[in-house]
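According to mature numbering (1 follows the signal peptide of the UniProt record, and there is no 0), the stretch in the sequence shown is residues -24 to -1, 1 to 118, in order. The structure appears right after this line, and notes come after that.
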Amino acid sequence: MTISKCFAASLLAALSLTAFCANADVVVVMSAKGGPDSLSAAQVSQIFLAKSNSLPGGGAAVPIDQEEGVATRDEFYKKVASRDSAQLKSYWSQLMFTGKAQRPKRVSGDDAVKKAVAATPGAIGYISASAVDASVKVVLKP
């Protein structure tokens, strides 16, 4: 095998590994102390797209979003709302321009989501499955 073919094969393998790692499993979480034990993808989508502001069984839903450009965020919206980053940006621009809704509160990273969810009644967020701990409970595995 020539050096250029070997380099190309190595590059392809590295890119494949990067794509695999970027698609880490995402889970939807709420405080371990309360709230529903499970939610459907449709219910979660409605909450995060400001189409619903309540939880099943009553109580206000408070979505906690992650910053743009985070792989976990991209995967969450792709799996739960069937939207990519550009579609989401357009969606929120339209809603905010018309005054129909405000985008969810954004925090930076899984730890910040867990902290906000644990401290806020009715809060719902999403994190990497590997970040789940006793402070939160998984309500959806999309």
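For glycine and all other residues, C-beta sits at the position ideal for the given N, C-alpha and C.
>> If you reduce the DSSP assignment to three classes, tell me which class residue 60 lands in.
In response: Here residue 60 corresponds to residue number 84 of the sequence shown, with the count starting at 1. Note: residue 60 maps to coil in three-state DSSP.
> By DSSP, does residue 108 sit in helix, in strand, or in coil?
Replying inline: Stepping through the sequence shown from its first residue, residue 108 is reached at position 132. DSSP places residue 108 in coil when its eight states are reduced to three.
> Of the residues 56, 62, 15, which one's Cα is nearest the Cα of residue 166?
Replying inline: Absent from the structure is residue 166, since the part of the chain shown begins at -24 and ends at 118.
> How would you label residue 21, buried or exposed, when you count the other beta carbons within 10 angstroms and need 16 or more for buried?
Replying inline: For the purposes of this step, residue 21 is identified with residue 45 of the sequence shown, where counting begins at 1. Burial call: buried.
> Taking C-beta to C-beta, are residue 118 and residue 46 nearer than 8 Å?
Replying inline: For the purposes of this step, residue 118 is identified with residue 142 of the sequence shown, where counting begins at 1. For the purposes of this step, residue 46 is identified with residue 70 of the sequence shown, where counting begins at 1. No, the pair does not count as a contact, with Cβ atoms beyond the cut-off.
>> Given a cut-off of 8 Å on the beta-carbon distance, is the pair residue 84 and residue 8 in contact?
In response: If you number the sequence shown from 1, residue 84 lands on position 108. If you number the sequence shown from 1, residue 8 lands on position 32. No, these two residues do not count as a Cβ contact at 8 Å.
> Quick one: is residue 72 buried, meaning 16 or more other Cβ sit within 10 Å of its Cβ, or exposed?
Replying inline: Residue 72 sits at position 96 when you count from the first residue of the sequence shown. Exposed, by the Cβ-count rule.
> Going by Cα to Cα distance, which pick from 1, 18, 24, 17 is closest to residue 99?
Replying inline: Within the sequence shown, numbered from 1, the residue matching residue 99 stands at position 123. Per the Cα distances, 24.
>> Runs of 3 residues minimum, wholly inside the stretch 4 to 68: which ones carry the beta strand (DSSP E) assignment?
In response: 38 to 42
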